[in-house]
Amino acid sequence: MTKAALVEEVARVADLTKKHAEIIVDTVFHSIVEALHRGEKIELRGFGSFRLRRREPRKGRNPKTGDRVDVPSKRVPYFKPGKELKELINREAASDGGPPPP
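Here the sequence shown is numbered in the numbering used here, starting from 2 and rising by one per residue.
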């Protein structure tokens, strides 16, 4: 699903204009990004949680030249699905023998 498709779905379900739905979706995404930037953890009960993980510095390799390069440590976002989300996905997939419909 794309962001545009998500905006359309929010507009349809909440009976809003696409412009209002886009503002809502943008605000939710912006809030998640800002909270992660501040080092906070985001928990959406029944859906999952977003956290930051720290990658340690390491030695990498330039694929073009083959030279070794130092890759600095960095923070990367990580999503951990919640129990209910896992159960819903697996229940739907098991009931019809395939992946859930889009």
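All C-beta atoms, glycine included, are put in the ideal place defined by N, C-alpha and C.
Bear in mind that the values here come from a model prediction, so they are computed numbers and not experimental data.
(request) Indicate the three-state DSSP secondary structure (helix, strand or coil) for K87 in the structure shown. (result) helix
(request) Count the other C-beta atoms from every protein chain shown that fall within 10 angstroms of the C-beta of V8, then say buried if there are 16 or more, exposed otherwise. (result) buried
(request) Look up L37 in the DSSP assignment and say whether it is helix, strand or coil. (result) helix
(request) Taking R55 as the reference, give the member of P73, G49 and N91 with the closest Cα. (result) P73
(message) So, with DSSP's three-state summary, where would you put K81?
(response) strand
(message) Would K4 and V26 be called neighbours here (beta carbons separated by less than 8 Å)?
(response) yes
(request) Would you identify the three-state DSSP class for S74, choosing helix, strand or coil? (result) coil
(request) Decide yes or no for the touch test of the stretch 73-83 against the stretch 46-60: beta carbon pairs closer than 8 Å, at least 3 of them. (result) yes
(request) Measure the alpha-carbon distance for D16 versus A22 and round it to whole angstroms. (result) 9 Å
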